[in-house]
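Reviewing the structure listed below.
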Amino acid sequence: RVGAKDEFYIVQEGEHQHVHASYDQGGFVLDANFSRPQPWGEGGEGPEGWVGHLPILGLHWFVYSLGSRASYRMEINGEIITGTGLAHQEKNWGKTFPKSWLWGEAASGNTKIALAGGPVPLGPITVPDAFLIGYRSDVLEWNFHPNDPALYFPTIDACNGIFRVEAKSARRRLLITFRVEGTTRTNREGFFNVGGPTGTGFLVDSVESYRANVEILAYTGFNGDKLVDAKNLTMGAIEFGGDFRCDEEEE
């Protein structure tokens, strides 16, 4: 229970979940049901791989489902909205949070992409450009971790709503582009502020959009030049966090 008349709870029975939220004295009410989760990997495997067991890792990211079946009913000041779709379900926890980060996900049918990364605190040092990426389609099931080993080459332009990353391992190359069309320094309509948890409460530390167009190109071969999969998704989610936000949003 959040306040005198506000409440939030989750009930889980096996793979079925029910979420209820009520705020503003009933002005906003949400009831959602999730089922048939698509796990990241078998046996409870998450994005981190074996690195997730290292005690010096200051932050963790676990994806419970890349695309659960979802149904929902929202009531906003008397107006009722219902629908169905796919739900991405995940969590973060740890001892510290990076000063900058990127997060993104998108799903349509059998195609799903999820990623998170940036400079990662690892004990007394910070590893730059470390990303965790999972890509699923009717053709491929790829994961990328820094421990593959894999290298990452990001391009971050929050002011224009663009994030692009190239992930490379021995014989795989994945190019991912998130783009929120129409975004400029003076037009931020596609984004909204998000609060992050701190020791003194939630503070705005990132911006998100659920209007991203997502292009995915997958290559194999010794030079990573053989195109084996290409997908375009709409209504993807992208988050620019901390120092990766547009400089005007940091002020």
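Okay, so the sequence shown: first residue is -19 according to the working numbering, each after it adds one.
For each residue, glycine too, the CB sits at the ideal point set by N, CA and C.
**Report entry** Residue interval of the beta strand (DSSP E) (run including Ser189)
**Finding:** Start and end: 181 to 200.
Report task. May I have the straight-line CA-CA distance separating Met54 from Glu(-13), to the nearest angstrom? Result -> Roughly 15 angstroms separates the two Cα atoms.
Query raised in the report: Taking DSSP as the reference, what is the three-state secondary structure of Ala138?
Result: Helix at Ala138.
Query raised in the report: Between Gly170 and Val184, is the Cβ-Cβ spacing less than 8 angstroms?
Result: Contact flag unset, no.
Query raised in the report: Per DSSP, Ala110 forms a beta bridge with which residues?
Result: Beta-bridge analysis with DSSP links Ala110 to Gly98.
Query - Asp4, DSSP secondary structure in three states - result: Under the three-state reduction of DSSP output, Asp4 falls in the coil class, being neither helix nor strand.
Requested in this report: Out of Ile36, Gly38, Ser186, Arg225, point me to the one whose CA is closest to Asp137's CA.
Outcome: That would be Arg225, whose Cα lies nearest to the Cα of Asp137.
Requested in this report: Tell me, please, which residues DSSP counts as bridged to Glu169.
Outcome: In the DSSP output, where bridge partners are listed per residue, Glu169 has none listed.
Query raised in the report: Going by the beta-carbon positions, is the gap between Phe111 and Ala150 smaller than 8 angstroms?
Result: No, the Cβ-Cβ distance between Phe111 and Ala150 is not below 8 angstroms.
Query raised in the report: At which residues does the beta strand (DSSP E) containing Ala87 begin and terminate?
Result: Taken as a continuous stretch (DSSP letters only), the beta strand (DSSP E) holding Ala87 covers 80 to 88.
Query raised in the report: Considering only residues of the same chain and omitting the five flanking positions on each side of Gly63, which have a CB-CB separation below 8 angstroms?
Result: The residues are Ser51, Tyr52.
Query raised in the report: Going straight from the alpha carbon of Glu188 to that of Glu70, what length do you get?
Result: Taking the straight line from one Cα to the other gives about 16 angstroms.
**Report entry** Residue from Pro99, Leu39, Val43, Asn57 with nearest C-alpha to Leu10
**Finding:** Cα-wise, what sits closest to Leu10 is Asn57.
**Report entry** Span of the beta strand (DSSP E), counted from its first residue to its last, around Gly162
**Finding:** Bounds of any beta strand (DSSP E) do not take in Gly162, whose DSSP letter is neither H nor E.
Report task. Specify the secondary structure class of Glu231 as computed by DSSP and reduced to three states. Result -> Unreliable positioning characterises Glu231 in this predicted model, as indicated by a pLDDT of 43, which lies under 50. The coordinate reading is nonetheless provided below. Of the three classes helix, strand and coil, the one that applies to Glu231 here is coil, per DSSP.
**Report entry** Short Cβ contact (8 angstroms threshold) for Gly74 with His33
**Finding:** With contacts defined as CB atoms closer than 8 angstroms, Gly74 and His33 fail to qualify as a contacting pair.
**Report entry** Close Cβ partners of Ala130 (< 7 angstroms) along its chain, the five nearest in sequence each way excluded
**Finding:** In its chain, beyond the 5 residues on either side, Phe124, Ala147, Lys148, Ser149 have a beta carbon closer than 7 angstroms to the beta carbon of Ala130.
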